[in-house]
Amino acid sequence: MNTSYLPSKKIQITILILIVLLCGFLAFFFFDNERNETDENTFVDVAAVTSDEDNINTLDSDGDGAYDWQEELWPELDPNNPDSDGDGVLDGQYIRLKQNEAILRARGEENVESDLTETEKFARTAVTALIAVAQSGGELTEEQQRVFSENLANYVQNLTLGEKLYTRDSFNLVSNTKENIRAYSNGMKQLFRTYPVATSDIELIITALEEPEVNQGGLRAINKKYGDYLIELSSQEVPQNIAARHTQLTNSISQLGAATDNLLQEEQDELITLSLVAQLETILSNAAAAIINLNKYFEIVEDDIYFN
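Heads up: the sequence shown begins at 328 in our numbering, then just goes up one per residue.
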């Protein structure tokens, strides 16, 4: 199997170093935001749910960010499997996405655009109470500091990079006929050749985290590349039996494109940058896993016996 388009393992050491530096970024971000005034006075826990094994109403058996009883309301979800359909989207994320879509439909809206950056959104929720304590001359307790740190870490780790989180029903799903599968296989192989997830792209992104202004030309090139790749992936007719892997790859490419888009901005969104540092290894792992599994699938369906 050709794996030339997979990211090289040599970047993993660099990524790990960046993740270690995340603690320093968090400290800087907190003290920098203490200087900003806000009208809000409510602390909102951004963690999805808190599981309690002794209470059936607050039990999250698989740790996917949704209570078991919530998952039981969705026939396609399994309370004991954090990613029921294997598309790389946790069931808790899936539920919140579908609930939000239902609210927008009820309002007759396609999407709600916000002028707030992710940093500003977080500052209006999790940071607010801590700023109030500091401005009043009080001292933060160890518990308050711990809760803040956990909320910021969760927010950064779970932030969706990109305009949306794709699920399998985001695509034009088609039946698993020989013609559809072969057409999809041929189309995706061409996309792999046209838009390889190149080691040089990832190395440039890592370098740009420190000096984005020095790498603008290269960043613009790969930003366009992953933007075009995302358009192609979004428009594919996807056989139902491979939709999970297609979803996983699409989300990874969407996140890489969003990361480079943020690095090209004159004023970067600090939390998106932090989120990229925290999630880059996972994004690359998901992209590699999806590409490998797709190629295994393509090898299998080349044999006509698969359709007998």
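Glycine included, every Cβ here is placed at the ideal spot set by N, Cα and C.
Spatially closest choice to residue i from the options, by CA coordinates
i	options	result
GLN606	GLN397, ALA393, ARG473 and TYR482	TYR482
SER497	GLY390, VAL604, GLU538 and THR577	THR577
LEU621	TYR421, SER527 and ASN568	ASN568
GLY584	PHE625, THR487 and SER388	THR487
PRO409	PHE634, LEU492, ASP391 and ASN478	ASP391
GLU593	GLU540, LEU492 and ILE618	GLU540
SER602	PRO523, ILE533, TRP401 and ILE422	ILE533
VAL628	ASN513, ASP418, LEU400 and ASN499	ASN513
LEU518	ASP395, HIS573 and ASN499	HIS573
LEU557	ALA616, GLU469, ASP596 and LYS491	LYS491
ASP631	GLU608, THR526 and THR504	THR504
SER388	ASN407, LEU400 and TRP396	ASN407
Where the beta strand (DSSP E) through residue i begins and ends
i	result
GLU564	564–566
LEU486	Looking at the DSSP string, LEU486 is not in any beta strand (DSSP E), and its letter there is neither H nor E.
VAL636	Given that the chain is displayed from residue 328 to residue 635, the structure contains no residue 636 and the question cannot be resolved.
Assigned secondary structure, residue i (DSSP; H/G/I helix, E/B strand, else coil)
i	result
VAL416	coil
ALA510	helix
VAL524	coil
GLN606	helix
ALA616	helix
THR534	helix
ASP555	helix
GLU594	coil
TYR493	coil
SER476	helix
LEU353	Annotation note: pLDDT 43 at LEU353 (below 50); position unreliable, coordinate value reported separately. Reduced to three states, the DSSP call for LEU353 is helix.
ASN360	Reliability fails at ASN360, whose pLDDT of 44 lies under 50, so the model's placement of it is uncertain and no value is given.
SER561	helix
GLU367	In this prediction, GLU367 scores a pLDDT of 36, lower than 50, which makes its location untrustworthy; the coordinate-derived value is nonetheless stated afterwards. If DSSP states are grouped into helix, strand and coil, GLU367 belongs with coil.
LEU601	helix
PRO406	coil
GLU629	coil
LEU518	helix
Residue j beta carbon less than 8 angstroms from that of residue i
i	j	result
ILE610	GLN582	yes
GLU403	ASP412	yes
PHE634	LYS516	no
ILE549	THR587	yes
LEU531	LEU546	yes
ALA614	SER579	yes
THR494	TYR421	yes
ILE529	PRO566	no
Start-to-end residues for the alpha helix (DSSP H) that takes in residue i
i	result
ARG572	570–590
GLN397	395–399
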